[in-house]
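Protein chains in written order, with this note's numbering: chain A, 114 to 214; chain B, 276 to 452; chain C, 93 to 465; chain D, 312 to 1047.
The C-beta atom is built at its ideal place from N, Cα and C for all residues, glycine as well.
Only a predicted model underlies this, so the values are computations on that prediction, with no experimental measurement involved.
Heads up, the thing below is written out as structure tokens.
So, in structure tokens, the structure goes:
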């Protein structure tokens, strides 16, 4: 049951779920949720390869840095969302059109 | 046996959480399902022998990011605001509608097929490799790697975090009108 | 290799006898032993949590020169059982506008988060469910579930008081996690490992070997940890999320019956856990004095008693503080965390690191009285 | 013999430490930290003395050296080596130089604590003094031209600060600027030489340069049509000319006396000016290879004679000393040029000793009587017996009177110059070198004794001379000098002991004898001086394939491991000279001639200023005197001709070219051409660009936009879909 294939499959499901959330949802916070899912999928892949293919800890290090980047991204992203809400009073992604025209 | 059990439960939690994130209409519930999904991923890390990464995952996501997201949802009006915006402007509802979901699922299927064909190759070429059932501690090794081989990335990530901290504080600070 | 209670027991002869009775199925036996210990510990902690409410009332009565509960059982000691029965039989009320799923989920998450920490609590050198390599880190991480539960409880109730309490609770718990974690990191630095076994094992012998007396920085770190832990468990003087004079009862205003009981129980057990962690990290944990080590089973029970004694003494201090100090304002709370505790904790961490380098890892007592490390 | 860095580094680091402490906390220390500076120099003196005794009394072979390096930074990558080493290089010459610099600097510091007492710039003075000394010591220790250049520039800065230390006086500020700018001219050339060496050799370490010379790496390399060796040697020598104030760049040195007298003593004697001679000595093999020794000799001779002539008419006691310094520096440079390596270095040492003593004596006089114009002095002998004694010893030394140190070194330089000019078969024009040299020697004896006689002998002219004139000379402290009672001098540790100690070392036997028991190079019947045995021009062959010692290593080489160097006379470095008897003859003639010339100079001064039987020539030949008093109009030339006429004229010419030629023809003409072009292009613009290009493009873009508008929706999620699709198509393309 446990093997590289099952981990890859799980991470693929995670990735696709994130993809769907990112494409289908119009709420910016929800899109950030999708990004977290995708980042986790890639980090899981790294750790799985690290155990089953390379057998060293570089994958672990990589996933740690992914977690760090995810934390930074969430902090800045959510700050932008809150600021956006203060200005436009909505979090609908299609409302972010100030740079158009 | 424990590892198998843990794997099964974690996989279930992960996949179920991910799917629930997709199908839930309520952004607050989505966040909670994301939390479940992330804890599941941490469990998967544990089955892979990555104890430090697993605990870091829980620490950062549960203690930090998810609470941050809950806060953000709350500060941006929670779930109630979403329907109002939809009615007012006639845009697609915040949590998606039939159209957006059908496009997304279409794209996902294409992506899924592409990736399954890739994974098939990888699994076929790496399937026989297993590295035993032991789970040596990774903490000290990761510590050494972080301050030796990956020290530059380590330092850069600290700078990144500081920048993100300051940036977030500056962007979201209350402004005088 | 991670040490567990099973691997500890397997060194005795009776383990083999029992193993034979299980038809040499080690996995099954391990599962049974784990389950047994889990049940015992959870039951014990639930009792301690219950007794905590009793102790709180009794001690507060003592401080205020009252009698306190004294009708049920001798000295009113069975009061908590009566309260429990009352809670379980109460009507389970849920507000009409509440978020049903999250309303159910929040108390469970609180209890899960607290019980999960018990897995690494070092009751004695042998009786520790799993002495993980990342033990203390795991404990910090998993206990942050309580913060989520507080927030969700506040949100799901759909009430102003609950919402404010939940927001306060979440921000307070997130903030105070930082000085607490950094103070613990200083101890991790001194012990050279994150497992409770290693940390407690480092403090064998006389009380001079306890980490609180290792160096001046560790001494300060203990107080930073203790103050931060008080805030993390929403205890007075940091009980803003459930400030009864401002928010009725904070995040669990709308909860009744056993759901409220879950929150209360989680809070009391968490106090016990943080006191236990303080005892294990700073006060020598379950070590016998003078490094007496007979490796027999009864000694483990003596160690458990020692650990419990230290923990309960700290528990008493926590209750004492609650009935002595007034509550802080929100801005005072945040400024204490970010302007005082966090910088002090960082200085302590750096100071410990410098101490280790300068004095080659020797403690203050070893420098003064001599001795090797 | 054990040498670690710890036994060498304090020489340099102790004064640096004193500098740092004095610079930041000097005001808070008692006596503004002058004792700290003095103590630090004393520490370096102790360490230097230890090295000196090891090297000199340890009877090392001349070719023994300690060379320790560490990598300063290493940017090498793969085959490209880009590594900068720093290190210390110690040999006999450096050991002698270290002792000289630190010893004299210590005595000057000691004297300064007396001289600068209650001065408003006392603290500031003792900030720069140890830094100056440490830079000189570091320069002596450094093993490559690069670190030498760094210390060189620190010294430049320190001299600037010391000369202009009375920064409220305009003249001091001007003098410091002049010193700084003039030496900068030389420094640019030095840097150019260093860069050129680096470019070709990839290293500027002395030993690497020596090895390169021995291996013939310079052969065939040319820069701008001249040989590379000549180019670099010339550049480095020009740098040395700036620092050592040689003929065209000498103008800064006489003005450098604007600073406090002990500072001048340090600049003129132990540090700064000898730096130029030092780098010329260190790079001597390069000078020989570049074939510019004749140039060096001529420059030195001109400086030696020219400065001596100016010195004969100066009235300021410090100006006389300043020009005598210039003259003596000329002798040193001339000595290097004529191949008298050893004697040139010896002259550095002897000159440092007696010149430091002379300046300190002058300082003693000025500080006591607050007067430095010689015509107003006189008869000071009975008031200041100790100063008189010291100054007389030094004057005897500098004048080249036998049995004093100046005679020993100068005589050998002159002897070699005689050989160089007349007997070595060189260009006959080079006979000017010994002629100017001997003439300068005579003048030296004359003007030095003139100074002595005017200052210490005759009757005291201070009392009845002071009120008569209205020009009210101001001394360094800004108050009127009139009405000072001259106090009888008492023996003061800080005032007189440095002078007397230095005057002991003006005796010749310290330098000429077999003082240190050097005997292995002794040849029967020949007078062998320890100095001659110990110092000789670097023999480049021994540096081929040399090993560097790492910085932290303990050097425990035994002296017997090295082959003993055989004493042979210097003539380049190409082995024993076949013309030994000729040289001997030249030296004999030179010695006799210089004794005669020196005594005649002294006698002339005696007749003019004591007996008054001969009217001073300064009054007789007033035209020449005016020229000399104006220093051959060099300052005027530089300012009026080079800067006002040359630079401003050039500017004016350029301005004329700009306004007249460039503006009128180029700019206006170009405008006319453009006007035509514009007419054509306007038509082109209207028809081709606007009608066809712009409007046509607009139509085309509009059409294209119909397509792009669908893609560029502004919806971020649509972009995301595109991204994923591109990724998928990329994967499929790679797969099949």
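Check whether the Cβ of residue 319 of chain B lies closer than 8 Å to any Cβ atom in chain C.
No - not a single Cβ of chain C is within 8 Å of the one on residue 319 of chain B.
Rounded distance between the beta-carbons of residue 164 of chain A and residue 446 of chain B, thought under 8 Å
About 39 Å separates the Cβ atoms of residue 446 of chain B and residue 164 of chain A, ruling out a contact at the 8 Å cut-off.
Within 8 Å, strictly: CB atoms of residue 612 of chain D and residue 641 of chain D
Cβ atoms of residue 612 of chain D and residue 641 of chain D: closer than 8 Å.
Starting from residue 923 of chain D, trace the beta strand (DSSP E) both ways and give me its first and last residue.
Here residue 923 of chain D belongs to no beta strand (DSSP E), and DSSP marks it neither H nor E.
Between residue 323 of chain B and residue 297 of chain C, what straight-line distance do the alpha-carbon atoms span, to the nearest angstrom?
As the crow flies, the alpha-carbon of residue 323 of chain B is around 38 Å from that of residue 297 of chain C.
To the nearest whole angstrom, what separates the beta carbons of residue 281 of chain B and residue 318 of chain B, a pair I think is in contact under 8 Å?
That pair is a contact at about 6 Å.
CB-CB under 6 Å to residue 997 of chain D, same chain, minus the five flanking residues each way: which ones, in chain order?
Around residue 997 of chain D: no qualifying Cβ.
Within its chain, find whatever has a CB closer than 6 Å to the CB of residue 206 of chain A; leave out the 5 residues flanking it on each side and keep chain order.
Taken in chain order, the residues that qualify are 139 and 141.
So is residue 329 of chain D buried or exposed if we call it buried at 16+ other beta carbons inside 10 Å?
By the neighbour-count rule (16 or more Cβ atoms within 10 Å), residue 329 of chain D is buried.
Consider the Cβ of residue 647 of chain D: report whether some Cβ of chain B lies at a distance smaller than 8 Å.
Using a Cβ-Cβ cut-off of 8 Å, residue 647 of chain D does not count as an interface residue toward chain B, since no Cβ of chain B sits closer than that to its own.
Closer than 9 Å at the beta carbon, the chain A residues around residue 1026 of chain D
Going along chain A in sequence order, the residues near residue 1026 of chain D (Cβ under 9 Å) are 206 and 207.
Step through the CB atoms of chain A and report whether any lies within less than 8 Å of the CB of residue 425 of chain B.
Against chain A, the CB of residue 425 of chain B has a partner CB under 8 Å away; the residue lies at that interface.
Output needed for residue 585 of chain D: all residues of its chain with C-beta closer than 6 Å, excluding positions within five of it in sequence on either side, in chain order.
Closer than 6 Å at Cβ, skipping near neighbours: 659.
Anything in the stretch 166 to 198 of chain C with a Cβ closer than 8 Å to a Cβ of chain E? List those residues in chain order, please.
Of the chains in the structure shown, none is chain E; the protein chains are A, B, C and D.
For the alpha helix (DSSP H) containing residue 420 of chain D, list its first residue and its last residue.
First-last of the alpha helix (DSSP H) with residue 420 of chain D: 403 to 426.
For residue 455 of chain C, count the other beta carbons within 10 Å of its own beta carbon; 16 or more makes it buried, fewer makes it exposed. Which is it?
Buried, since its Cβ has 16 or more Cβ neighbours within 10 Å.
Tell me where the alpha helix (DSSP H) around residue 383 of chain D begins and ends.
Here residue 383 of chain D belongs to no alpha helix (DSSP H); instead the beta strand (DSSP E) covers 377 to 385.
Return the first residue and the last residue of the alpha helix (DSSP H) that residue 821 of chain D is part of.
That run of the alpha helix (DSSP H) goes 820 to 823.
What's the gap between the Cα of residue 380 of chain D and the Cα of residue 401 of chain D?
Each residue's alpha carbon lies about 12 Å from the other.
On a Cα-Cα basis, can you pick out the residue from D/392, D/973, D/319 and D/963 that is closest to residue 360 of chain D?
The option with the nearest alpha carbon to residue 360 of chain D is D/319.
Residue 694 of chain D by DSSP, collapsed to three states: which one?
Here residue 694 of chain D sits in coil by DSSP.
For the stretch 128 to 142 of chain A, enumerate the residues whose C-beta is nearer than 9 Å to any C-beta of chain D, in chain order.
The residues in question are 132, 135, 136, 137, 138 and 139.
Between the C-alpha atoms of residue 160 of chain A and residue 337 of chain B, what's the straight-line distance to the nearest angstrom?
Going from the Cα of residue 160 of chain A to the Cα of residue 337 of chain B covers about 20 Å.
Quick check: what's the CA-CA separation for residue 991 of chain D versus residue 985 of chain D?
Straight-line spacing of the CA atoms in residue 991 of chain D and residue 985 of chain D works out to 10 Å.
Spatial distance of residue 121 of chain C from residue 114 of chain C (CA atoms)
Distance between the alpha carbons of residue 121 of chain C and residue 114 of chain C is about 7 Å.
Residue 210 of chain A: contacting residues in chain D (beta-carbon distance under 8 Å):
Neighbours of residue 210 of chain A on chain D, chain order: 1025.
Secondary structure, alpha helix (DSSP H): runs of 4+ residues fully inside the stretch 248 to 308 of chain C
For the stretch 248 to 308 of chain C, the full-length alpha helix (DSSP H) segments reaching 4 residues or more read 252 to 283 and 288 to 293 along the chain.
Give a yes or no on whether the minimum CB-CB distance between residue 335 of chain D and chain A is below 8 Å.
Chain A contact via Cβ: absent.
Spatial distance of residue 603 of chain D from residue 623 of chain D (CA atoms):
Those two C-alpha atoms are separated by around 31 Å.
Three-state secondary structure (DSSP) at residue 164 of chain C?
In this structure, residue 164 of chain C counts as coil in the three-state DSSP scheme.
Identify whether residue 465 of chain C lies in helix, strand or coil by the three-state DSSP scheme.
Any reading at residue 465 of chain C needs caution, since the residue's pLDDT is 49, under 50, leaving its predicted position unreliable; the model's value is listed next. Three-state result, residue 465 of chain C: coil.
Between the Cα of residue 440 of chain D and those of D/577, D/689 and D/491, spot the shortest distance and give me the residue it belongs to.
Cα-wise, what sits closest to residue 440 of chain D is D/577.
Tell me which residue opens and which closes the alpha helix (DSSP H) that residue 1046 of chain D is part of.
In the DSSP assignment, residue 1046 of chain D falls within the alpha helix (DSSP H) that extends over 1027 to 1046.
Using C-beta distances below 8 Å, list every residue in its chain close to residue 105 of chain C, excluding the 5 sequence neighbours before and after it, in chain order.
Same-chain partners within the cutoff: there are none.
For residue 437 of chain D versus residue 344 of chain D, is the C-beta distance shorter than 8 Å?
Residue 437 of chain D is a Cβ neighbour of residue 344 of chain D, given a cutoff of 8 Å.
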